[in-house]
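One structure below.
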Amino acid sequence: MCWPAIAKDADGCVLVYNAHDKNAGKAAENYAKNFAKDLNANQVVIVANKIGEADGKPTRAKLPKYLEGTKIVLTNVSEGLDDFTESFATFLSNVYQQKMKKIEEEEKRLIGEAPSKKPRAKKPSTENEEVNEEE
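If you use full-length UniProt numbering, the sequence shown corresponds to residues 1 to 135, in order.
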């Protein structure tokens, strides 16, 4: 499966599925687990699309714990997209803010204002050994 390569360095994720198809809901769950595992709830929006006049209660995807709080938007094109438009704008704003924060942290790390994420192992100094040999 190539999802890790596609998901690497993703800033956000939009998952869309047919809200009246249980299999599609399960597929959305799997995509959330595999594709959005390095994202937080603000960087993911899930669109449960009702297609036509389908009967029955729409299926809601069950999300992993780390995506609790993710916005799941129920849409139906025939009823309008007002709720979706607002939710999508909020999602894009969240993704943008997260991206800017990440860039700022990386810039600070590069100029030495913030600790690096991975502690660097100290290399043994060979300079002192050379000085001792000269004495």
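We put the CB at the ideal spot given by N, CA and C, even for glycine.
Cβ shell of residue i (< 7 Å), same chain only, five flanking positions each side left out
i, result
"residue 96", "none"
"residue 33", "64"
"residue 51", "18 and 20"
Where residue i falls, given that 16 or more other Cβ within 10 Å makes a residue buried
i, result
"residue 90", "exposed"
"residue 23", "exposed"
"residue 122", "At residue 122, the pLDDT of 48 sits below 50, so the modelled position is not reliable; the number obtained from the coordinates is stated separately. The residue in question, residue 122, is exposed, as its Cβ has fewer than 16 Cβ neighbours within 10 Å."
"residue 92", "exposed"
"residue 39", "buried"
Same chain only: Cβ atoms within 8 Å of residue i, ignoring 5 sequence neighbours per side
i, result
"residue 68", "41"
"residue 6", "35"
Cβ neighbours of residue i in the same chain (closer than 6 Å, five flanking residues each side left out)
i, result
"residue 4", "none"
"residue 62", "29"
"residue 11", "95 and 99"
Residue interval of the beta strand (DSSP E) (run including residue i)
i, result
"residue 72", "71 to 75"
"residue 15", "13 to 18"
Given residue i as reference, the closest of the options once Cα atoms are compared
i, options, result
"residue 99", "35, 36, 43 and 8", "43"
"residue 35", "51, 9 and 57", "9"
Endpoints, alpha helix (DSSP H) assigned at residue i
i, result
"residue 23", "22 to 35"
"residue 51", "Unbroken run through residue 51: none, as it is neither H nor E."
Distance cut-off 7 Å: residue i Cβ against heavy atoms of the ligand ZN
i, result
"residue 57", "Absence of the ligand ZN from the depicted structure is noted, as is the absence of any ligand whatsoever, leaving it without description."
* Taking 8 Å as the threshold, find out whether the segment 75 to 85 comes into contact with the segment 94 to 112 through three or more Cβ pairs. => no
* Asked: For the 8 Å Cβ check, are there 3 or more pairs between the segment 11 to 20 and the segment 32 to 48?
  -> yes
* Is the segment 84 to 104 close to the segment 20 to 34, with three or more CB pairs under 8 Å? -> no
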